[in-house]
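Numbered according to this note's numbering, the sequence shown spans residues 83 to 209.
We put the CB at the ideal spot given by N, CA and C, even for glycine.
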Amino acid sequence: MLDRIGITATSLCALHCILLPILLPILPLVGLSFLADHAWEHVFLLMTAAFGTVALFSGFKRYHKQLYPFYLLYLGVALYWIKHDFSEALEPYFIIGGASLIIAAHFINIKLCNSCKQCDDDDACTL
Numbered sequence: 083m084l085d086r087i088g089i090t091a092t093s094l095c096a097l098h099c100i101l102l103p104i105l106l107p108i109l110p111l112v113g114l115s116f117l118a119d120h121a122w123e124h125v126f127l128l129m130t131a132a133f134g135t136v137a138l139f140s141g142f143k144r145y146h147k148q149l150y151p152f153y154l155l156y157l158g159v160a161l162y163w164i165k166h167d168f169s170e171a172l173e174p175y176f177i178i179g180g181a182s183l184i185i186a187a188h189f190i191n192i193k194l195c196n197s198c199k200q201c202d203d204d205d206a207c208t209l
């Protein structure tokens, strides 16, 4: 369940970042100009990282004991975080790359958990 929420949140964040330049002129008119602030993006990104960590840790501890979903999550968060350090022309690539890595971390966690739910014993699977 947490992985699905993480996938949804990451997808919405990516859409926000990609559509923001188009919607930027409208935001002040509807009282949502704070959505264009870099601080808001960083807060949302930190929340995504925290919730993602909880979701991945749940699967890690209970089922699969694999660390690479965490690597994908944190690499994706890092790509998102540094996107403002480069030109605006490169930002969409950082957004898509970061979102893809975060979503992949959740999908892989789901796959690992589902494969381990098939185990006969309560011990972690050896994958």
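- The region 152–163 and the region 173–188 touch, with three or more beta-carbon pairs separated by less than 8 Å.
- Taking a C-beta distance under 9 Å as the contact criterion, P151 and I87 do not qualify as a contact pair.
- About 6 Å separates the beta carbon of T130 from that of T92, a gap short enough to meet the 8 Å contact definition.
- For R144, the closest C-alpha among the options G113, E123, H120 and C195 is that of C195.
- In this structure, DSSP gives G113 a state outside helix and strand, which the three-state scheme calls coil.
- Secondary structure note for Y156: its alpha helix (DSSP H) is the uninterrupted segment Y150 to I164.
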